[in-house]
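Undergrad:
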Amino acid sequence: MHWRETARWIKFEENVEEDTARWGKPHVASLSFRSLLELRKTIAHGAVLLDLEQTTLPGIAHLMVETMIISDQIRAEDRANVLRALLLKHRWVDVDVDVDVDVDVDVDVDVGVDKNPHLHNSEGHRKYLKLMEKIPEDAEATVVLVGCVQFLEQPTMAFVRLNEAVFLESVLEVPIPVRFIFVLLGPSQANMDYHEIGRSISTLMSDKHFHEAAYMADDRQDLLNAINEFLDCSIVIPPSEVEGKDLLKSIATFQKLLLKKRKEREQKSMKEGTAQEAKGLSIHIWAKEEAEDDPLKRTGIFFGGLVRDIKRRYPKYLSDIRDALHSQCLAAVLFIYFAALSPAITFGGLLGEKTEGLMGVSELIISTSVLGILFSLLGAQPLLVIGFSGPLLVFEEAFYKFCQTQGIEYLTGRVWIGLWLIVFIFIIVAAEGSFLVRYISPFTQEIFAFLISLIFIYETFYKLYKVFAEHPLLKFYPPNVQSSLNASVLPTDAVSLGTRMQPNTALLSLILMLGTFFIAFFMRKFKNSRFLGGKARRIIGDFGIPISILVMVLVDYTITDTYTQKLNVPSGLSVTSPHKRGWFIHPMGSTGTFPLWMMFASAIPALLVFILIFMETQITTLIVSKKERKLLKGSGFHLDLLLIGTMGGLCALFGLPWLTAATVRSVTHVNALTVMSKAIAPGEKPRIEEVKEQRVTGVLIAALVGLSIVMGNMLRQIPLAVLFGIFLYMGVTSLTGIQLYERLLLIFMPSKHHPDHIYVVKVKTWRMNLFTCIQLACIVLLWVVKSTVASLAFPFVLIMTVPLRRFVLPRFFHDRELKALDSEDAEPNFDEDGRDEYNELHMPV
């Protein structure tokens with residue numbers, strides 16, 4: 000006879016599958032109500048030894064047996080047999096043996112680990128290392144021994160808490176000190192399921208509240224009270240056949256209610272404690288320190304916030320260099336380089352079309368590189384990625400059309416906008432105006448994000464429509480060009496017209512666009528699948544966009560008999576249209592004198608550009624600096640705004656686009672630099688251990704983007720239809736996670752199928768739909784403004800949604816409703832990156 004390991008708890012339960020003798024998937028333990036009652040009964044009448052002064056298993060077993068005899072659980076003549084049973088050899092999963100006795104092993108999650116392996120083969124050693132990675136530092140173990148023996152007449156139980164955790168030789172498969180031991184032995188004819196009772200005590204010891212009570216218990220009654228507390232938060236499901244997961248949602252809802260009541264009881268008891276005054280003092284001091292470290296707190300003096308940003312961040316400059324000496328930083332550079340280059344090429348191509356070549360891919364790549372290097376070296380939050388964005392593209396198109404109608408030089412007008420932009424930036428930074436970002440609620444953020452996604456999707460299909468319009472399907476091919484032209488048309492014009500009217504061009508463009516979109520989309524889905532290993536999935540998913548571009552460019556390259564429009568990229572360090580402009584833009588005009596009135600009137604569009612840069616930069620900094628990300632070096636809203644705004648204003652002198660902090664790219668950059676803790680229980684979501692906060696990756700990424708300008712020959716092979724697919728991908732994927740989009744879908748869904756989000760539970764359905772319709776009305780208004788001659792007012796109309804939410808909506812909605820609708824039920828963005836590890840942990844060890 001020997002003890003056999005059949006289950007273990009590292010927060011969640013893992014059982015040994017009988018047929019394959021391997022570990023099953025981690026799962027939440029489901030206990031029978033009777034087993035919990037039997038456990039309470041055995042603890043009430045069994046042997047309870049607390050703070051036992053023993054360091055060896057024989058010494059512990061001897062005291063347990065003597066206590067069993069004293070409590071009349073066993074006879075004196077059974078002493079030797081029980082002692083022999085307790086000292087039997089232990090066998091683990093990797094040892095294939097036949098057994099008659101079970102052993103359950105429970106490991107508490109908040110408690111120490113010796114890293115010395117003691118397994119005999121390479122496969123066992125590998126499994127050992129993988130298991131040790133999931134056990135937290137300073138872990139202590141609970142050993143649960145349950146089984147049937149024939150020499151006892153009645154069950155006997157002992158619960159032991161050692162005074163100090165000790166290493167017990169050959170008891171556990173991993174070298175963890177043992178603090179608790181639970182033993183339950185009895186005859187097979189007893190009306191008791193020993194294994195289920197063992198599962199019950201193991202589950203209790205893996206519960207945070209119970210094992211804290213077990214550590215603090217002074218006597219048996221404290222353990223019984225802790226079991227009663229556990230029962231108060233447990234649910235009994237009546238014996239009925241349940242089909243469909245949707246019917247089990249009510250269980251989770253009821254469980255949340257029980258846990259909420261327990262939390263309220265704990266808070267009430269804490270307030271009634273004798274240390275109330277001391278605790279209140281410590282909370283007050285903590286809150287004061289937290290407020291003093293708030294980067295948005297106003298000092299009341301000119302440039303006070305800027306000075307605080309510099310004092311907070313620049314003393315950590317040397318550590319910003321040292322912390323980059325990590326392999327994860329190199330991987331982040333290679334990944335984010337493509338993530339930054341792809342939008343630069345995509346937006347550059349569209350910008351070239353909107354401005355008729357006055358600014359394009361060349362200017363955007365150079366601007367992204369130079370400003371990215373400067374910001375990474377000087378910024379307060381160097382993890383931000385500087386780039387072009389959809390709203391800025393909307394503004395550039397609107398201002399270009401305005402200049403065309405007014406006969407004003409577009410690039411010269413941008414120079415004066417840039418100068419006014421610098422003035423506005425200095426005024427806001429001097430007045431510590433970054434605190435205004437607090438008033439930009441999720442109401443405005445959702446409208447902004449939803450509108451950007453719509454712009455991406457609309458631009459994709461509008462450009463595809465233009466391709467079909469320029470290359471219509473013809474009844475006859477090749478077209479009879481000469482018959483459709485008058486005698487004055489030159490042969491070269493006829494050839495050009497024939498080239499542009501190829502019937503396969505539109506079809507191939509559609510294939511390239513959809514192919515790029517679906518490859519990138521399913522690469523993203525593949526990242527969270529169960530195929531291949533976690534690292535392979537992460538690499539494939541992270542490089543989904545570059546892979547999709549490469550594949551479809553190769554498809555286009557192999558089809559040589561069909562024309563597709565390619566990306567317009569100049570050779571070397573040249574502007575997109577050398578015959579139209581140079582590298583320096585004269586403030587007084589290049590072809591004529593710039594109107595004096597426009598020098599002052601440029602303040603209005605400059606204000607609109609400032610609104611866009613302010614909102615995107617500050618909101619991105621808020622998202623990146625969330626407490627969940629555990630950034631330690633702090634941020635600087637005022638310093639970052641000053642750098643981005645000032646550099647953008649100076650860029651206008653060289654005909655370069657304005658840039659802002661790109662939200663998606665910045666969050667992706669932080670995710671790539673996030674180190675997830677491996678010391679987590681199987682089945683538990685990964686936790687952030689640290690983020691490599693440094694400046695080197697930003698500098699290298701921007702430098703590599705700049706070097707891409709010498710790849711003009713390669714970039715000119717990219718069809719515009721491929722970039723349309725990337726735009727569609729950006730638009731569709733950006734919609735997911737926006738609460739407005741989720742609530743929009745709920746309008747077309749019966750209420751019984753609505754998820755249990757807080758904005759569904761706390762707000763009546765028709766009022767939730769009314770709130771959604773108000774946001775949609777704002778989006779429609781913004782779209783109308785964007786599409787008319789008043790498109791320059793787009794940022795101003797957008798900012799008006801802030802007072803709408805703050806002053807108007809409270810008249811129609813209750814505060815609790817607005818609070819629920821402004822809540823964030825979704826998981827933080829960094830969970831997306833950790834989900835591949837999460838899936839891997841759900842698989843058998």
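Using numbering that gives the first Met the number 0, read the sequence shown as starting at 0 and increasing by one per residue. Just so it is clear, CB atoms sit at the ideal spot from N, CA and C, and this is done for glycine as well. Quantities reported herein were computed from a predicted structural model and do not represent experimental measurements.
What separation, rounded to the nearest whole angstrom, lies between the Cα atoms of L87 and N80?
TA: N80 has its alpha-carbon roughly 11 Å from the corresponding atom of L87.
Undergrad: In angstroms with no decimal places, state the Cα-to-Cα distance between G23 and E76.
TA: 41 Å
Undergrad: Which whole-angstrom value is the C-beta distance of A140 and R178, which I expect to be below 8 Å?
TA: 7 Å
Undergrad: What do you get for G543, buried or exposed, if any count of 16 or more other CB atoms within 10 angstroms of its CB means buried?
TA: buried
Undergrad: So which of R261, T696, S433, T787 has the shortest CA-CA distance to G644?
TA: S433
Undergrad: In terms of DSSP beta bridges, what is G386 paired with?
TA: T659
Undergrad: On the DSSP bridge list, what partners appear for V47?
TA: According to the DSSP secondary-structure assignment, V47 is paired through a beta bridge with F158.
Undergrad: Tell me the rounded alpha-carbon separation between I59 and R83.
TA: Taking the straight line joining both Cα atoms gives about 13 Å.
Undergrad: State whether the stretch 653-673 contacts the stretch 396-403, with contact taken as three or more CB pairs (one from each stretch) at a distance under 8 Å.
TA: no
Undergrad: What residue range does the alpha helix (DSSP H) around I372 cover?
TA: 360-377
Undergrad: Excluding the five sequence neighbours on either side, which residues of its own chain have a C-beta within less than 8 Å of the C-beta of L607, listed in chain order?
TA: F394, L791, A792, F793, P794, F795
Undergrad: Expressed to the nearest angstrom, what Euclidean distance is found between the alpha-carbon atoms of R21 and R7?
TA: 12 Å
Undergrad: Give the straight-line distance between the Cα atoms of I518 and I546, rounded to the nearest whole angstrom.
TA: C-alpha separation (whole angstroms): 8 Å.
Undergrad: Report all residues from its chain with a CB closer than 8 Å to the CB of I335; omit the five preceding and five following residues, and keep chain order.
TA: V384, R664, T667, H668, A671, T696, I700
Undergrad: Between the C-alpha atoms of V466 and Q403, what's the straight-line distance to the nearest angstrom?
TA: 24 Å
Undergrad: Do I725 and T367 have their C-beta atoms within less than 8 Å of each other?
TA: no
Undergrad: Have a look at F442, L506, E445 and flag the residue whose alpha-carbon is nearest the alpha-carbon of P471.
TA: L506
Undergrad: Give me the residue from T787, D821, V760, T771 with the minimum Cα distance to K255.
TA: For the residues T787, D821, V760, T771, the minimum Cα distance to K255 belongs to V760.
Undergrad: Just reading off the beta strand (DSSP E) that A6 is part of, what are its end residues?
TA: For A6, the enclosing beta strand (DSSP E) stretches over residues 2-9.
Undergrad: Kindly indicate the opening and closing residues of the beta strand (DSSP E) around V690.
TA: Run containing V690: 687-690, per the beta strand (DSSP E) assignment.
Undergrad: Would you mind reading off the limits of the beta strand (DSSP E) that contains M675?
TA: 673-675
Undergrad: When DSSP builds the beta bridges, which residues end up paired with E12?
TA: W8, H26
Undergrad: Which runs of the alpha helix (DSSP H), 4 residues or longer, sit entirely within the stretch 797-822?
TA: 814-820
Undergrad: If you run the structure through DSSP and keep just helix, strand and coil, what is L339?
TA: Reading the sequence as shown, one finds Ala at residue 339 and not Leu. Three-state result, A339: helix.
Undergrad: Please state whether DSSP places K565 in a helix, a strand or coil.
TA: strand
Undergrad: In whole angstroms, what separates the C-alpha of T19 from that of L531?
TA: T19 and L531: Cα-Cα distance of roughly 22 Å.
Undergrad: Give me whichever residues DSSP pairs with V165 in a beta bridge.
TA: V177
Undergrad: Count the C-beta pairs between the stretch 434-448 and the stretch 800-807 that are closer than 8 Å, then say yes if the count reaches three, no if not.
TA: Touching, yes, given that three or more Cβ pairs across the two stretches are closer than 8 Å.
Undergrad: DSSP three-state call for A140: helix, strand or coil?
TA: strand
Undergrad: Quick check: the Cα distance between I550 and F166, rounded to an integer number of angstroms?
TA: Per the sequence shown, the amino acid found at residue 550 is Val instead of Ile. One C-alpha to the other measures close to 57 Å.
Undergrad: For R694, which of helix, strand or coil comes out of DSSP?
TA: coil
Undergrad: Rounded to a whole number of angstroms, what is the C-alpha to C-alpha distance between Q738 and E445?
TA: Roughly 7 Å separates the two Cα atoms.
Undergrad: Check whether the stretch 374-388 and the stretch 651-663 touch, using three or more Cβ-Cβ pairs below 8 Å as the test.
TA: yes
Undergrad: Counting beta carbon pairs with one atom in the stretch 414-431 and one in the stretch 598-606, are three or more of them shorter than 8 Å?
TA: A contact exists between the stretch 598-606 and the stretch 414-431.
Undergrad: Quick check: the stretch 177-193 against the stretch 150-161, are at least 3 beta-carbon pairs closer than 8 Å?
TA: Pairwise C-beta distances place the stretch 150-161 in contact with the stretch 177-193, as three or more of them are shorter than 8 Å.
Undergrad: Using the three-state DSSP reduction, which class does R523 fall into: helix, strand or coil?
TA: helix
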